[in-house]
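Numbering (full-length UniProt numbering), first residue to last: 550 to 841.
Every residue gets a Cβ at the ideal spot worked out from N, C-alpha and C, and that includes glycine.
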Ligand code: C2E
Ligand code: MG
Ligand code: MG
Ligand code: MG
């Protein structure tokens, strides 16, 4: 493996100069293999639920690497090197393909739930991406509106034009866009004036601090209000307790995701969970008090 081969090093980042370069190069070589042989890179799936009815509002696909020697790797352990390598395109197509295969299975079972896929901002620099996504949607016979692309606002300023165009094309295809980790990027609000999006995801760091930080609570309340004003869905991330769920409902947040509801689960479990959630969805499914 040569770090410079292919010239796809979009960030101009030379991983050979990195302190951890040897390990990262080994990891990338292993990733190349994992993308070819099956069953190493797997999706964990985590539903988000409507806070009033308990109905699933969507399911997020989260990648994990079942590494033959290193054991289970979380995306935080390998996403950054992948983003800085020429394998990003292959990786992005792989994740989208797996996620759409899952969504196609739901469609066959009559489950009308969108799937959310996380995209590295750098993958939006590739103008071929919308065409590839259109092809994958056709191949899996999944309607575009059942796919939500989660993006973070932290994008390279000089590349805004390309990214804006790629996102506008995707949206014109009917694909939905969500701003992930909302409030943690540099240009959150400006971003919303440039790109039409469908959903804001309130970052977990604000949800965690909501109870004892008036600032964090204000950010959550303001984000929820902004979403309502703009006609966007809003989903709180990382909800772990009934107290957080209640506080979010009081702030007008309509949907949430987190260990309090479901941990990310294997693909063969999610269908049954969605079926049950859809069957049992009803108003006031959640107790109105934390101890209720
Ligand atoms: P994210 O998109 O903000 O995903 C939320 C992360 O929080 C996930 O971690 C999820 O497992 C975790 N989480 C969910 N509920 C809770 C909770 O109640 N408490 C706590 N403590 N954590 C919770 P994960 O799966 O390790 O993913 C980390 C990040 O890696 C993601 O953050 C996303 O930015 C990135 N990522 C994951 N899958 C992909 C992928 O397929 N492609 C790309 N480009 N990035 C991905
Ligand atoms: Mg996400
Ligand atoms: Mg997030
Ligand atoms: Mg987050």
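Ligand 3 never approaches residue 792 closely enough for any of its heavy atoms to be under 6 angstroms from the residue's Cβ. Cβ-Cβ distances below 6 angstroms link residue 634 to 577 in the same chain, with the five nearest sequence neighbours on each side left out; the list follows chain order. Shortest gap from the CB of residue 667 to any heavy atom of ligand 2: under 6 angstroms.
About 31 angstroms separates the CB atoms of residue 816 and residue 792; that is not less than 8 angstroms, and the two are not in contact. By the Cβ rule, the region 709-718 does not count as touching the region 758-775, because fewer than three pairs are nearer than 8 angstroms.
Ligand 1 has no heavy atom closer than 6 angstroms to the beta-carbon of residue 682. For residue 818, the enclosing alpha helix (DSSP H) stretches over residues 816-829. Residue 783 is bridged by DSSP to 749.
Rounded to the nearest angstrom, the Cβ distance from residue 701 to residue 732 is 11 angstroms, too far for a contact under 8 angstroms. Ligand 3 has a heavy atom closer than 6 angstroms to the beta-carbon of residue 786.
Three or more pairs of CB atoms, one per stretch, sit closer than 8 angstroms, so the region 822-831 contacts the region 592-608. Here residue 742 carries a helix assignment [DSSP, helix/strand/coil]. Cβ-Cβ separation between residue 630 and residue 810: approximately 31 angstroms, too far for a contact (criterion under 8 angstroms). Taking 7 angstroms as the cut-off, the beta carbon of residue 632 is found closer than this to the beta carbon of residue 669.
Apart from sequence neighbours up to five positions away, the residues of its chain that approach residue 612 with a beta-carbon distance below 7 angstroms are 590, 592, 624 and 644, ordered along the chain. Sequence-distant partners of residue 695 (beyond 5 residues in either direction) whose C-beta falls short of 7 angstroms from its own C-beta, in its chain, are 652, 663 and 664.
The three-state reading of DSSP puts residue 619 in coil, since its state is none of H, G, I, E or B.
In the three-state scheme derived from DSSP, where H, G and I count as helix and E and B as strand, residue 607 is classed as strand. Residue pairing from DSSP places residue 664 in a beta bridge opposite 608 and 696.
Excluding residues up to 5 positions away in sequence, 715, 718, 719 and 722 lie with their Cβ nearer than 7 angstroms to the Cβ of residue 679 in the same chain. Apart from sequence neighbours up to five positions away, the residues of its chain that approach residue 713 with a beta-carbon distance below 8 angstroms are 743 and 744, ordered along the chain. Distance check between residue 831 and each of 575, 579, 581 and 599 places 599 closest, using alpha-carbon atoms only.
For the options 828, 777, 819 and 827, the alpha carbon positioned closest to that of residue 803 is the one of 777.
The DSSP-derived three-state label of residue 675 is coil. Rounded to whole angstroms, residue 795 and residue 725 show a C-alpha spacing of 28 angstroms. The nearest non-hydrogen atom of ligand 3 is less than 6 angstroms from the C-beta of residue 729. Residue 788 carries a coil assignment under DSSP once its states are collapsed to helix, strand and coil. Residue 800 sits buried, since 16 or more C-beta atoms from the chains shown fall within 10 Å of its C-beta. Here residue 807 is buried. Its C-beta has 16 or more other C-beta atoms within 10 Å.
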